[in-house]
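Structure first, commentary second.
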Ligand SMILES: Nc1ncnc2c1ncn2[C@@H]1O[C@H](COP(=O)(O)OP(=O)(O)O)[C@@H](O)[C@H]1O
Ligand SMILES: [Mg+2]
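Shown next as structure tokens:
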């Protein structure tokens, strides 16, 4: 491969100037045009009623997809495999044409605008770095094809490497770097071009667990520092909960609910969202749409609850448990402990209650120091919900 070919390859897979099939010249030209396209940075994003149908597909990959992102915000798209997360990201980047809807960045309609003029940067699961270039050369690359002079681009690239904590590794070839370091370089390269929007498609999934946690916290710190509007795609709920300003839970090509992590967890708008994020118990209840009676206790219901529901979703930490021997006439359901898990600060108790017909598994979570003394596997217990709003489904 000639250097030009190699650069073109990077440009194809690289964040700034992803293009369907560019030659080296078109990439360079496109990149210069990006520079001239002096639209302001830090734009918010609107994807309005977007439909995407892949050629030959029967189902829509995006089905009336709507997403609004504030400038500087980090939104995570969360959902199982195949729900359309990557398609949403690629459509926003301009890598996919859409069949309906509009996409705006900074209030500007970019629906028909080609990928190289949207001024977005993308980081993929695969590192997609040029292995025979140093970290610094990789980061400089996007600036070079924009025609930036050597001194200035070196300065800017070093700044970004510093931001990702790799200033001392600038001269190292990326093929000699660990996965985590390579992904840091990819991030630095993406940020170096000062994108209006940063797009991260499962950037951590190729890394091992420890590095994943480290880098996820770091990505959030860097994003806050750079103030770049960011869309982060993942199927990992913990990742989503820890980095997001808001999480959009995706299902079948659209966002089922979008909210800040706490709201999403405490006030899920659907059964899908409630069960996708965190643990939940499915308990039998008598409901009227506003209130339920679960295990003899009254529980307020979330607005999204079904009126004629007979199941109430109760989080493990929203249940109280006591030993049957000293229940003090607590109203609740009787059960038997199957398992006690100590999780350090927290404890989780799995039990089975004999509610109505058959046996029902129930999980209770509580601070470990509030575990009733003497509670162990086989203990007879009474369990009841707290009066905290729950979803009836
Ligand atoms: N290039 C493609 N051609 C045809 N179908 C595709 C293509 N890419 C994705 N799909 C389909 O579109 C749907 C959404 O895919 P994708 O956006 O990759 O989901 P996710 O990133 O959430 O796993 C899936 O049903 C997938 O099979
Ligand atoms: Mg994907």
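Residue numbers (this note's numbering): 94 to 486.
Glycine residues also receive a C-beta, built at the ideal position from the N, C-alpha and C atoms.
Handout entry: Member of 365, 346, 338 and 368 whose CA lies at the smallest distance from the CA of residue 355
Key = Reading the chain shown from its first residue, position 262 is the one you call residue 355. Among 365, 346, 338 and 368, the Cα nearest to that of residue 355 belongs to 338.
Problem - C-alpha gap between residue 133 and residue 166, whole angstroms - result: Here residue 133 is taken as the residue at index 40 of the chain shown, counted from 1. Here residue 166 is taken as the residue at index 73 of the chain shown, counted from 1. Low confidence applies here, because residue 133 scores a pLDDT of 43, under 50, leaving its location unreliable and the question unanswered by this model.
Handout entry: Around ligand 1, Cβ to any heavy atom closer than 6 Å, ordered along the chain
Key = 147, 150, 154, 172, 174, 175, 176, 177, 178, 179 and 180
Problem - Three-pair Cβ contact test at 8 Å for the stretch 328-346 versus the stretch 157-173 - result: yes
Problem - Run of the alpha helix (DSSP H) containing residue 491, from where it starts to where it stops - result: In this structure the chain extends from 94 to 486, so residue 491 is not present and cannot be described.
Problem - Cβ pair count under 8 Å reaching 3, the stretch 388-396 against the stretch 473-486 - result: yes
Exercise for the section: Leaving aside the five residues before and after residue 230 along the sequence, list all residues of the same chain whose C-beta is less than 8 Å from its C-beta, in chain order. Expected result: What you label residue 230 is simply residue 137 of the chain shown in a count that begins at 1. Excluding positions up to five away in sequence, the list reads 223.
Practice task
For the beta strand (DSSP E) containing residue 303, list its first residue and its last residue.
Solution key: Looking up residue 303 in the chain shown gives position 210. First-last for residue 303: 302-319, but that is the alpha helix (DSSP H), not the beta strand (DSSP E).
Exercise for the section: Give a yes or no on contact between the stretch 257-267 and the stretch 276-296, applying the rule of three or more CB pairs nearer than 8 Å. Expected result: yes
Problem - Where the beta strand (DSSP E) through residue 145 begins and ends - result: By 1-based counting over the chain shown, the position of residue 145 is 52. Looking at the DSSP string, the run of the beta strand (DSSP E) that includes residue 145 is 138-145.
Handout entry: Inter-residue spacing [alpha-carbon to alpha-carbon] between residue 144 and residue 164
Key = On the chain shown, position 51 is the one that residue 144 refers to. On the chain shown, position 71 is the one that residue 164 refers to. Looking at the two C-alpha atoms, the distance is approximately 24 Å.
Exercise for the section: Would you list the one or two residues that DSSP bridges to residue 429? Expected result: Locating residue 429 in the chain shown gives position 336, where the first residue counts as 1. BP columns for residue 429 point to 445 and 473.
Handout entry: Neighbourhood of residue 445 by C-beta, 8 Å cutoff - its chain only, sequence neighbours within 5 removed
Key = The residue given as residue 445 occupies position 352 in the chain shown. Only 428, 429, 431, 452, 453, 454 and 455 meet the Cβ criterion.
Practice task
Pull up the distance between the alpha-carbon of residue 415 and that of residue 340, whole angstroms please.
Solution key: In the chain shown, the residue the question calls residue 415 occupies position 322. In the chain shown, the residue the question calls residue 340 occupies position 247. Approximately 36 Å between the Cα atoms of the pair.
Practice task
Have a look at 146, 347 and 198 and flag the residue whose alpha-carbon is nearest the alpha-carbon of residue 289.
Solution key: As a working note, residue 289 is residue 196 in the chain shown. It is 198 whose Cα lies nearest to the Cα of residue 289.
Practice task
Determine, using beta-carbon pairs with one atom in the stretch 376-384 and one in the stretch 344-360, whether at least three such pairs fall under 8 Å.
Solution key: no
Handout entry: Segment limits, alpha helix (DSSP H) that includes residue 272
Key = The residue you call residue 272 lines up with position 179 of the chain shown. Start and end: 272-285.
Practice task
Leaving aside the five residues before and after residue 434 along the sequence, list all residues of the same chain whose C-beta is less than 7 Å from its C-beta, in chain order.
Solution key: By 1-based counting over the chain shown, the position of residue 434 is 341. Taken in chain order, the residues that qualify are 440 and 441.
Handout entry: Three-state class that DSSP yields for residue 295 in the structure shown
Key = By 1-based counting over the chain shown, the position of residue 295 is 202. Residue 295 falls in the coil class under three-state DSSP.
Handout entry: Span separating the alpha-carbon of residue 246 from that of residue 212
Key = The residue labelled residue 246 in the question sits at position 153 within the chain shown. The residue labelled residue 212 in the question sits at position 119 within the chain shown. Going from the Cα of residue 246 to the Cα of residue 212 covers about 18 Å.
Exercise for the section: Find out if the Cβ-Cβ distance for the pair residue 216, residue 293 is shorter than 8 Å. Expected result: The residue labelled residue 216 in the question sits at position 123 within the chain shown. The residue labelled residue 293 in the question sits at position 200 within the chain shown. Taking 8 Å as the Cβ cut-off, residue 216 and residue 293 qualify as a contacting pair.
Handout entry: Complete runs of the beta strand (DSSP E) confined to the stretch 376-415 [at least 3 residues]
Key = 384-387, 390-393 and 404-407
Exercise for the section: State buried or exposed for residue 318, treating a residue as buried only when at least 16 other CB atoms are found within 10 Å of its CB. Expected result: If you number the chain shown from 1, residue 318 lands on position 225. Looking at its Cβ environment, which holds fewer than 16 other Cβ atoms inside 10 Å, residue 318 is exposed.
Problem - Supposed contact pair residue 137 and residue 322 - C-beta distance, whole angstroms, cut 8 Å - result: Translated into the one-based positions of the chain shown, residue 322 becomes position 229. Translated into the one-based positions of the chain shown, residue 137 becomes position 44. That pair is a contact at about 6 Å.
Exercise for the section: Tell me whether residue 294 counts as near ligand 2, meaning its Cβ is closer than 7 Å to at least one heavy atom of that ligand. Expected result: Your numbering for residue 294 matches position 201 in the chain shown. It does: the Cβ of residue 294 is within 7 Å (strictly closer) of some heavy atom of ligand 2.
Problem - residue 457, DSSP secondary structure in three states - result: To locate residue 457, count along the chain shown from 1; it is residue 364. Residue 457 falls in the strand class under three-state DSSP.
Exercise for the section: Identify, in the order they occur along the chain, each residue of the same chain with its Cβ nearer than 8 Å to the Cβ of residue 399, setting aside the five sequence neighbours on each side. Expected result: For the purposes of this step, residue 399 is taken as the residue at position 306 of the chain shown. So the qualifying residues of the chain are 380, 382, 485 and 486.
Handout entry: Classification of residue 148 by the beta-carbon crowding that lies within 10 angstroms, buried from 16 upward
Key = For this step, residue 148 is matched to residue 55 along the chain shown. So residue 148 ends up on the exposed side.
Problem - Extent of the continuous beta strand (DSSP E) run through residue 204 - result: Position 111 of the chain shown, counted from the first residue, corresponds to residue 204. From DSSP, residue 204 is part of no beta strand (DSSP E); its letter is neither H nor E.
Exercise for the section: Can you grab the Cα-Cα spacing for the pair residue 421 / residue 362, in whole Å? Expected result: Mapped onto the chain shown, residue 421 falls at position 328. Mapped onto the chain shown, residue 362 falls at position 269. The alpha-carbon atoms of residue 421 and residue 362 are separated by roughly 36 Å.
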